[in-house]
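In what follows, a structure is listed as structure tokens, so that the remarks can point back to it.
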Amino acid sequence: MQIDKQHWLNDLLNEAHSLGASDIHLSPNKPPIFRIAGQLRSMSHFENSSSDSIQAWLTQQLPQHNIQENQQVNFAFNHFDTEQRVRVTVYQTTSGISLALRLLSKLPPAPDVLGQPRFLSQISPFAQGLVLVTGPTGSGKSTTLASWLNAAQMKHPAHFVTIEDPIEYEFPQGQGLVHQCELGTHFANHEGALSDVLRRDPDVILLGELRDLASIELALRFAETGHLVLATLHSANATDAILRVVDVFPSTSRDFVRHVLSNVLLGVVAQRLFTCHTPTAHQGRIANYEVLTNTSAVKNLIKEHKEAQLSSVMQTSATHHMMTFDQHRQELTSSGLLPR
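Basically this note's numbering = 1-based index in the sequence shown + 283.
Have a look at this one:
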């Protein structure tokens with residue numbers, strides 16, 4: 284299919300929306316690739332992307348930004364034809380500048396659409412402590428947090444401040460007050476956000492992804508000040524999330540970090556996605572969750588560096604809303620949402 288050069292990406296976004304795609308991948312001299320229900324599909328009826336068309340579109344979107352070699356850039360925009368929010372990651376490859384686009388609804392999906400665990404639904408925006416949502420890239424972590432935040436701000440008169448990279452979802456007016464900030468636009472870095480955010484009198488701070496020591500330290504410090512802090516993390520499961528937080532610090536500081544984490548942690552929700560063709564599936568996929576809540580037993584295991592025992596605690600603590608991936612997958616299978 285010949286693409287109108289004036290509407291190069293618009294045609295692709297309209298097609299992706301009609302097919303229910305969650306992602307678009309664009310690389311020079313290759314056809315567009317859509318991810319539909321978790322599977323990649325080549326759109327060979329479209330002409331190959333070119334370096335010129337990608338660069339021209341980026342120049343239009345980011346007129347003040349020079350994409351340097353080996354630089355990755357993240358931003359988002361509204362696509363008016365489909366009323367979607369599109370998150371864009373720009374990155375360099377051997378063939379030139381490439382794009383990964385994530386297609387999002389403008390408004391976050393409701394928690395029941397995502398099948399969110401009870402632990403999340405019971406968190407009050409006036410609670411104090413740290414909630415981590417963890418999983419691999421593309422597992423819907425930021426969507427989970429946005430869904431919780433939207434449901435909470437519709438019902439509670441609390442002040443929600445987000446620090447995102449980039450801003451993904453929009454939030455309608457509810458009983459709460461939501462202020463969204465973007466790294467690189469409103470704050471140069473996480474360190475610069477610390478004192479500024481606290482002066483804004485927040486009840487809830489949504490930090491987005493914890494990528495390094497600075498962002499993890501910031502999350503712990505915010506939680507220590509008596510706020511509710513929610514953030515995402517890349518890890519395979521709930522236990523690995525605890526280890527990831529601790530291990531990013533120098534070895535001489537880890538005992539102290541375990542003490543702080545054990546005191547401020549409210550819980551960890553790990554998630555991964557499976558392809559699912561039932562009518563209730565969100566974008567053709569369904570979330571499989573693992574939940575760790577910070578009971579006195581969990582707190583002691585974290586303090587004593589006995590994270591290897593956390594899986595056993597999750598298996599036997601359903602009354603505290605805990606569950607392992609295997610236990611939740613069995614629930615999904617028994618209810619017919621996943622094949623046996």
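Cβ atoms here follow ideal geometry from the backbone N, Cα and C, with glycine treated the same way.
Everything numeric in this text was worked out from a predicted model, so none of it was measured.
Within the same chain, show all residues whose beta-carbon is closer than 6 Å to that of residue i, passing over the 5 residues directly before and after it, in chain order.
i, result
"V268", "Outside the modelled stretch of the chain, which goes from 284 to 623, sits residue 268, for which no answer is possible."
"S422", "Q554, R555 and L556"
"T427", "V416"
"H300", "T365"
How many Å lie between residue i and residue j at the Cα?
i, j, result
"M326", "T377", "22 Å"
"A339", "A304", "24 Å"
"L544", "T576", "12 Å"
"H439", "S579", "29 Å"
"P485", "H328", "50 Å"
"S600", "E590", "16 Å"
"D523", "D395", "27 Å"
"I488", "E330", "44 Å"
"H469", "H542", "32 Å"
"N520", "G418", "7 Å"
"L620", "Y572", "14 Å"
"Q411", "T508", "9 Å"
"D306", "I319", "8 Å"
"F608", "F317", "28 Å"
Reducing DSSP to helix, strand and coil, say where residue i ends up.
i, result
"L302", "helix"
"F402", "helix"
"H328", "coil"
"Q598", "helix"
"V461", "strand"
"S388", "strand"
"H308", "strand"
"N583", "helix"
"A591", "helix"
"R555", "strand"
"A570", "strand"
"K288", "Per-residue confidence for K288 stands at a pLDDT of 46, beneath the threshold of 50, marking its modelled position as unreliable; the derived number appears in the next sentence. In this structure, K288 counts as helix in the three-state DSSP scheme."
How would you write the range of the alpha helix (DSSP H) that residue i sits in, first residue to last?
i, result
"H611", "F608 to S617"
"H542", "R537 to V547"
"I499", "L496 to E507"
"Q338", "S334 to Q344"
If contacts are defined as beta-carbon pairs under 8 Å, then residue i and residue j qualify, I think. What distance do you get, rounded to the angstrom?
i, j, result
"Q436", "Q463", "Q436 to Q463, Cβ: 11 Å. No contact."
"I446", "V480", "7 Å"
"T515", "S425", "6 Å"
What residue range does the beta strand (DSSP E) around residue i cover?
i, result
"Q436", "No beta strand (DSSP E) holds Q436; the alpha helix (DSSP H) holding it covers K424 to K438."
"T522", "Premise fails: T522 lies in the alpha helix (DSSP H), A521 to D530, not in any beta strand (DSSP E)."
"A359", "V356 to H362"
"T468", "Element bounds for T468: n/a, residue is neither H nor E."
"L413", "G412 to T417"
For residue i, which residues of its own chain have a beta-carbon under 7 Å away from its beta-carbon, when the five flanking residues on both sides are left out?
i, result
"F409", "A441 and D486"
"D287", "Unreliable placement is indicated for D287, whose pLDDT of 48 sits below 50; the coordinate value is still reported in the next sentence. Result list for D287: D294, in chain order."
"R623", "T616"
Less than 8 Å between C-beta atoms, sequence neighbours within five positions excluded: which residues of the same chain meet that for residue i?
i, result
"V369", "L296, A359, F360, N361, H362, L384, R385, L386 and L387"
"L584", "E590, Q592, L593 and V596"
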